[in-house]
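So the sequence lines, in the order shown, correspond to chains A and B.
Going by my numbering, the letters in the first sequence line up with residues 1 to 191, in that order.
Going by my numbering, the letters in the second sequence line up with residues 1001 to 1183, in that order.
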Amino acid sequence: MDNDLTILEKVLLMGLLPLLGGTTNLYQSLIIALSAIIISIIIKYIADTFTFEYDYKWYILFGLGITLSYIFYITIINIFPFFEMYTNIYLLLLGVTPLIYIGASSTEHHFFDYQKDFFILMIMVGAFREMLGLGTILGIQLTKPGYPPFGFVKDFPGAFLIVSVIYLIVEVTRRNKIKNNKQDEGSEKIV
Amino acid sequence: MSELQRLFLDSILSKNMSLAYFLGVLYMMVESKTIKETTIKGLKFVSTVFVINILGWLLNSILPAYYDPLNPAIFFITTLLGVIILKYWGELDGEWFGLPRYILIIGPLFGSQLLIQSGNFTYPKMMVVNSAYVLGSFILFVLIASIKEEILVSDASPVFKSYSTILAAIAMLALGIIGFQLI
């Protein structure tokens, strides 16, 4: 299970914190996902300029990550007061999320694939949690107010379940695609 | 049910925010081939987190309120202390997908202190929440190791032998705990 993890699995493990905590609704997911991606890009390009000792590099990057997440948190709630209701401590904690440091890794070379998978996952989890847990989407009421289809989804256990189901769907699709490709290659060889 | 008992049940799983760190990253560091090894490693990690959380809370409480903006710096120092302890135990050697392991542990150590501080708890409440956090995480380490072992030897389709099954199992467990809270 742990060998040869896919990018999606690594995103899931390294970014589980914002995936569970920052996806109560779609607005919140968008704000946290975009903030995480921007911080990741800044860290990646700053890490690329480093030429000194290995250990110091990581300590500086970690300090930078924490500082950037604080700056994002303060900026968002000051410049866009409307968004304050959509931010929470998880925006502040982006600085300690390992996924934002992936660009500085010496062995992981698909930086933008990580960001793409993370963004898609955040949006999907946020959208599903809002629709099922609150009965709304982007604040627009879809069901009778006060009667969401699956109220428990807005809480922590629901977040686990939604992440698990989305991951399962993506994984089934990916495996089917690989299987179909192999079958196509096989039929071409026979022809 | 008393306020502290409810807080304990809340914090052990269904509102265990530090668990998100543990599950994502720390579990990968703690998890070993056998349940016994996972248990020993898990004990080392959760006991460090427990002590560091108390230390961070104490330092935060001793300092006057106008020093609150310095909290991240205080938590960073206590986090480094935790890293030193775990390094001494030999638990932070090597890398994980190109990231050094000591960088990965900084997240759980720093984040759980920040989470406890954000709750503005009194000492008894902090101890209850802290104990529930580490107990919930430790139980899950062992449970996940067992579930994982079962999944790998089961006849299930390969697609179910993945993290999605583990996450679904945790969700069910959390729902069970919520059931207790409703009593």
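Backbone N, C-alpha and C define an ideal beta-carbon position, used for all residues, glycine too.
What are the residues that DSSP puts in a beta bridge with residue 1096 of chain B?
-> B:1099
Taking only the alpha-carbon atoms, compute the straight-line gap between residue 159 of chain A and residue 1164 of chain B and give it to the nearest angstrom.
-> 12 Å
Just the Cα atoms here: how many angstroms apart are residue 66 of chain A and residue 182 of chain A?
-> 45 Å
What are the complete beta strand (DSSP E) segments, minimum 3 residues, inside the stretch 13-43 of chain A?
-> none
Does the beta carbon of residue 1105 of chain B sit closer than 8 Å to a beta carbon anywhere in chain A?
-> no
If contact means a Cβ-Cβ distance below 7 Å, which residues of the stretch 1133-1164 of chain B contact chain E?
-> Protein chains A and B are contained in the structure displayed, whereas chain E is not.
Could you give the distance in angstroms between the alpha-carbon of residue 1105 of chain B and the alpha-carbon of residue 153 of chain A?
-> 29 Å
Taking the alpha carbon of residue 1044 of chain B as the point to measure from, which residue in B:1008, B:1082 and B:1132 has its own alpha carbon closest?
-> B:1082
Round the Cβ separation of residue 1097 of chain B and residue 105 of chain A to the nearest angstrom and send it over; I've been treating them as touching at under 8 Å.
-> 6 Å
Output yes or no for whether 8 Å exceeds the beta carbon distance between residue 30 of chain A and residue 137 of chain A.
-> no
How about residue 1168 of chain B: is its C-beta nearer than 8 Å to some C-beta of chain A?
-> yes
Sequence-distant residues of its chain with Cβ nearer than 7 Å to residue 1046 of chain B (five each side left out) | 1134, 1137 and 1138
Taking residue 175 of chain A as the query, report the chain B residues whose CB atoms sit under 7 Å from its CB, ordered along the chain.
-> 1159
Chain B contacts made by the stretch 4-23 of chain A, where a contact means CB separation under 9 Å = 5, 9, 10, 12, 13, 14, 15, 16, 17, 18, 19, 20 and 21
Residues within the stretch 100-112 of chain A neighbouring chain B, beta-carbon criterion of under 7 Å = 101, 105, 106, 107 and 108
When the cut-off is 8 Å and only beta carbons count, does residue 1059 of chain B lie next to chain A?
-> no
Please classify residue 1039 of chain B: does DSSP put it in a helix, a strand, or coil?
-> helix
Beta-carbon proximity check, residue 7 of chain A vs residue 110 of chain A, cutoff 8 Å = yes
Nearest chain A C-beta to residue 1072 of chain B closer than 8 Å, yes or no?
-> yes
Minimum length 3: unbroken beta strand (DSSP E) runs contained in the stretch 43-105 of chain A = none
Identify the contact partners of residue 171 of chain A in chain B, using a Cβ-Cβ distance below 7 Å as the criterion.
-> 1159, 1162 and 1164
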